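Here the sequence shown is numbered in the UniProt record's numbering, starting from 1 and rising by one per residue.
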Amino acid sequence: MKKIYIICSLIVVLGIAAGITFFLIRDANMAIPEDVTLINQNGESYTFGNDRTKLKLIEFIYTNCPDVCPTTTVKMAELKNELIKSGDFGNKIKFITITIDPYNDTPDKLLNYMKAFGVENSDSWIFLTGEKENIKKDHEKIRRVAESLQFQYKDPGNGQFIHTTFTYLVDENNNFITKFPMGKDFNKTEVYNKIKDKMN
Numbered sequence: 001m002k003k004i005y006i007i008c009s010l011i012v013v014l015g016i017a018a019g020i021t022f023f024l025i026r027d028a029n030m031a032i033p034e035d036v037t038l039i040n041q042n043g044e045s046y047t048f049g050n051d052r053t054k055l056k057l058i059e060f061i062y063t064n065c066p067d068v069c070p071t072t073t074v075k076m077a078e079l080k081n082e083l084i085k086s087g088d089f090g091n092k093i094k095f096i097t098i099t100i101d102p103y104n105d106t107p108d109k110l111l112n113y114m115k116a117f118g119v120e121n122s123d124s125w126i127f128l129t130g131e132k133e134n135i136k137k138d139h140e141k142i143r144r145v146a147e148s149l150q151f152q153y154k155d156p157g158n159g160q161f162i163h164t165t166f167t168y169l170v171d172e173n174n175n176f177i178t179k180f181p182m183g184k185d186f187n188k189t190e191v192y193n194k195i196k197d198k199m200n
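Have a look at this one:
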């Protein structure tokens with residue numbers, strides 16, 4: 001009986017270890033496709049493979065989001081101010097906000113969203129959406145980017161998206177480094193420290 005208990009316990013432990021290993025390997029291999037081109041808040045093209053900024057902090061939002069998206073943007077704006085003080089923002093790191101609702105979130109809508117949160121219109125924090133003339137294809141590109149980072153979302157039909165709640169830190173080659181919770185669980189100090197650690 002004791003042997004059976006030991007064997008069962010060992011199987012459980014090995015199963016848990018295998019599961020953890022799977023997720024660690026999966027995360028380590030995540031990378032944004034370099035050929036994806038979207039447009040920013042000014043209607044200008046942005047291609048991930050052309051951006052070699054050392055670090056990028058990426059959030060996914062939609063402007064009609066009632067809670068977690070705006071809360072994250074507020075905290076990222078506060079984090080930006082800390083990175084400006086250290087001289088790193090725009091030089092060693094940039095922020096990228098990607099809408100998951102490009103049909104609604106036009107460049108003008110994103111500009112209004114930025115203004116609402118006191119985000120200056122610059123190349124250091126860009127907001128990405130799809131081009132009106134190619135909106136269906138561009139939405140597929142957005143989904144490719146989201147899926148490359150294991151970010152999932154769905155519109156149940158009422159315009160209130162269901163989505164996972166993580167922001168992502170990637171390197172100059174758009175390879176995944178780590179992820180952080182969105183909303184009230186977005187810890188600015190933790191994110192700041194991780195960013196500074198990866199800059200060294």
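By construction, the Cβ of each residue, glycine as well, lies at the ideal position given by its N, Cα and C atoms.
The structure displayed is predicted, hence computed values, not measured ones.
- The Cβ-Cβ distance between Leu128 and Asn40 falls below 7 Å.
- For Asp155, the closest of His163, Val68 and Leu149 by C-alpha to C-alpha distance is His163.
- For the pair Gln160 and Thr63, the Cα-to-Cα distance works out to about 10 Å.
- Contact between the segment 138-153 and the segment 72-92 is absent: fewer than three C-beta pairs spanning the two stretches fall below 8 Å.
- With three or more CB-CB distances shorter than 8 Å, the segment 49-65 counts as touching the segment 93-102.
- With respect to Ser124, Ile32 sits apart: the two C-beta atoms are not nearer than 7 Å.
- For Leu38, the three-state secondary structure derived from DSSP is strand.
- Sequence-distant Cβ neighbours of Thr71 in its own chain, meaning closer than 8 Å and more than five residues away, are Met182, Gly183, Lys184 and Phe186.
- Membership of Glu59 in the beta strand (DSSP E) is indicated by the continuous run Leu55 to Ile61.
- Taking a contact as a CB-CB distance under 8 Å, the pair Met114 and Asn121 counts as one, their CB atoms being some 6 Å apart.
- Look at Val170 here: in three-state DSSP terms it is strand.
- Fully enclosed beta strand (DSSP E) runs of no fewer than 3 residues occupy 176-181 of the segment 170-194, in order along the chain.
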